[in-house]
Amino acid sequence: MHRRSNAAGTVTTGCQARIIPVIAIDGPSGAGKGSVSRAVARALGCRYVDTGAMYRAVAWLASDRGLALDDEPGVRRLAEEAELDQDGGTVTVAGHDVTTLIRNATIDAAAARVARMPSVRRVLVGRQRAYAALGGVVMEGRDIGTTVFPNADVKIYLDAAPEERAARRAADPAHGLGRNASTLSAVASALEARDRSDRTRDSSPLVMADDAVCVDTTGLVLETVIERVLAIVRRRLSARGGAGPPV
Ligand code: DC
Numbered sequence: 078m079h080r081r082s083n084a085a086g087t088v089t090t091g092c093q094a095r096i097i098p099v100i101a102i103d104g105p106s107g108a109g110k111g112s113v114s115r116a117v118a119r120a121l122g123c124r125y126v127d128t129g130a131m132y133r134a135v136a137w138l139a140s141d142r143g144l145a146l147d148d149e150p151g152v153r154r155l156a157e158e159a160e161l162d163q164d165g166g167t168v169t170v171a172g173h174d175v176t177t178l179i180r181n182a183t184i185d186a187a188a189a190r191v192a193r194m195p196s197v198r199r200v201l202v203g204r205q206r207a208y209a210a211l212g213g214v215v216m217e218g219r220d221i222g223t224t225v226f227p228n229a230d231v232k233i234y235l236d237a238a239p240e241e242r243a244a245r246r247a248a249d250p251a252h253g254l255g256r257n258a259s260t261l262s263a264v265a266s267a268l269e270a271r272d273r274s275d276r277t278r279d280s281s282p283l284v285m286a287d288d289a290v291c292v293d294t295t296g297l298v299l300e301t302v303i304e305r306v307l308a309i310v311r312r313r314l315s316a317r318g319g320a321g322p323p324v
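Position in the sequence shown counted from 1, then plus 77, gives you our numbering.
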């Protein structure tokens, strides 16, 4: 039996040592984190965790239960007690399938408020760390490389010009928006407000980790971004040595 230590801790994987990687993918909204992280997880054979969906699910549950969004102890209790899962792209909270219900402008704003609550963050960060104990993981969010897994094997910071991020959001069918000019400008200002909230909050603000690799996706098609990110992952994992996953 061989053992190897990494960000997820010491893992025994059978008779052959194998890296159980933790890949952190952070960045602002609309930078392409979701599509890229899913593709990277598929290529690595790792679990994919969308931590934004966790903040969204807690915000949805708070609103479903009629909880005021300034009731931090109440929201923290929900975050602690609610069953929260995301498997095969389906997000469930307290037995409700909220996959599509958490993708709208109301939950965008509510999740940003929930994400500002330090006690809620502590609970969700604990849950996020527990996912990595189950095996390799590609985790996307805002604070994965800085707070959740400061020792992640690979840290990527995905960014894009604000106007391109807004255009991508507006065209995203999950958000149910069209492409006309007024919708685009409404999406752009909502995105800017959320960016400001994420970057300026006291608790784990969105910031690039010192040892992250920044990938600017402005003007790039998704396939190119995925290739670049996989190339970085491949380099980083092989620099760490050992039999890496098939990337
Ligand atoms: O990535 P997203 O838009 O689904 O995230 C929803 C909100 O949660 C957004 O305001 C950013 C915040 N968030 C966070 O603060 N930390 C994370 N790790 C993930 C998301």
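Every residue gets a Cβ at the ideal spot worked out from N, C-alpha and C, and that includes glycine. Keep in mind it's a predicted model, so treat the numbers as computed, not measured.
Report yes if the C-beta of residue i is less than 7 Å from at least one heavy atom of the ligand DC; otherwise report no.
{"i": "residue 112", "result": "no"}
{"i": "residue 129", "result": "yes"}
{"i": "residue 234", "result": "no"}
{"i": "residue 203", "result": "no"}
{"i": "residue 242", "result": "no"}
{"i": "residue 139", "result": "no"}
{"i": "residue 221", "result": "yes"}
{"i": "residue 208", "result": "no"}
{"i": "residue 369", "result": "This structure gives no information on residue 369, because the portion of the chain shown stretches from 78 to 324."}
{"i": "residue 317", "result": "no"}
{"i": "residue 143", "result": "no"}
{"i": "residue 266", "result": "no"}
{"i": "residue 109", "result": "no"}
{"i": "residue 218", "result": "yes"}
{"i": "residue 189", "result": "yes"}
{"i": "residue 192", "result": "yes"}
{"i": "residue 275", "result": "yes"}
{"i": "residue 106", "result": "yes"}
{"i": "residue 271", "result": "yes"}
Buried or exposed: where does residue i fall if 16 or more other Cβ atoms within 10 Å of its Cβ makes it buried?
{"i": "residue 86", "result": "Because residue 86 sits at a pLDDT of 40, beneath the cut-off of 50, its placement in the model cannot be relied upon, and the following sentence gives the value as read from the coordinates. It is exposed - the Cβ of residue 86 has fewer than 16 other Cβ atoms within 10 Å."}
{"i": "residue 106", "result": "buried"}
{"i": "residue 229", "result": "buried"}
{"i": "residue 128", "result": "buried"}
{"i": "residue 276", "result": "exposed"}
{"i": "residue 114", "result": "buried"}
{"i": "residue 142", "result": "exposed"}
{"i": "residue 250", "result": "exposed"}
{"i": "residue 207", "result": "exposed"}
{"i": "residue 213", "result": "buried"}
Looking only at its own chain, which residues have a Cβ that is under 7 Å from the Cβ of residue i, when we skip the five neighbours before and after it?
{"i": "residue 185", "result": "267, 271"}
{"i": "residue 138", "result": "155, 159, 170, 171"}
{"i": "residue 256", "result": "Interpretation of residue 256 is limited by its pLDDT of 49, a score under 50 that renders its predicted location unreliable; no figure is taken from the coordinates."}
{"i": "residue 305", "result": "292"}
{"i": "residue 262", "result": "none"}
Using a Cβ cut-off of 8 Å (strictly closer), state whether residue i contacts chain C.
{"i": "residue 128", "result": "Absent from the structure: chain C. Only one protein chain is present."}
Leaving out the 5 sequence neighbours to the left and right, which residues in its chain are closer than 8 Å to residue i when beta-carbon positions are compared?
{"i": "residue 109", "result": "235, 237, 245, 294, 299, 302"}
{"i": "residue 286", "result": "101, 103, 222, 223, 227, 232, 234"}
{"i": "residue 201", "result": "128, 131, 132, 135, 156"}
Beta-carbon within less than 6 Å of residue i's beta-carbon, same chain only, minus the 5 sequence neighbours each way: which residues are those?
{"i": "residue 151", "result": "144"}
{"i": "residue 205", "result": "128, 225"}
{"i": "residue 210", "result": "none"}
{"i": "residue 219", "result": "103, 275, 283"}
Three or more C-beta pairs below 8 Å linking the region 190 to 204 and the region 275 to 287: yes
Validate contact between the region 112 to 127 and the region 300 to 316 using beta carbons, cut 8 Å, 3 pairs: yes
At least three beta-carbon pairs within less than 8 Å, the region 173 to 188 to the region 125 to 144: Using a C-beta cut-off of 8 Å, the region 173 to 188 makes contact with the region 125 to 144, since at least three inter-stretch Cβ pairs fall below that distance.
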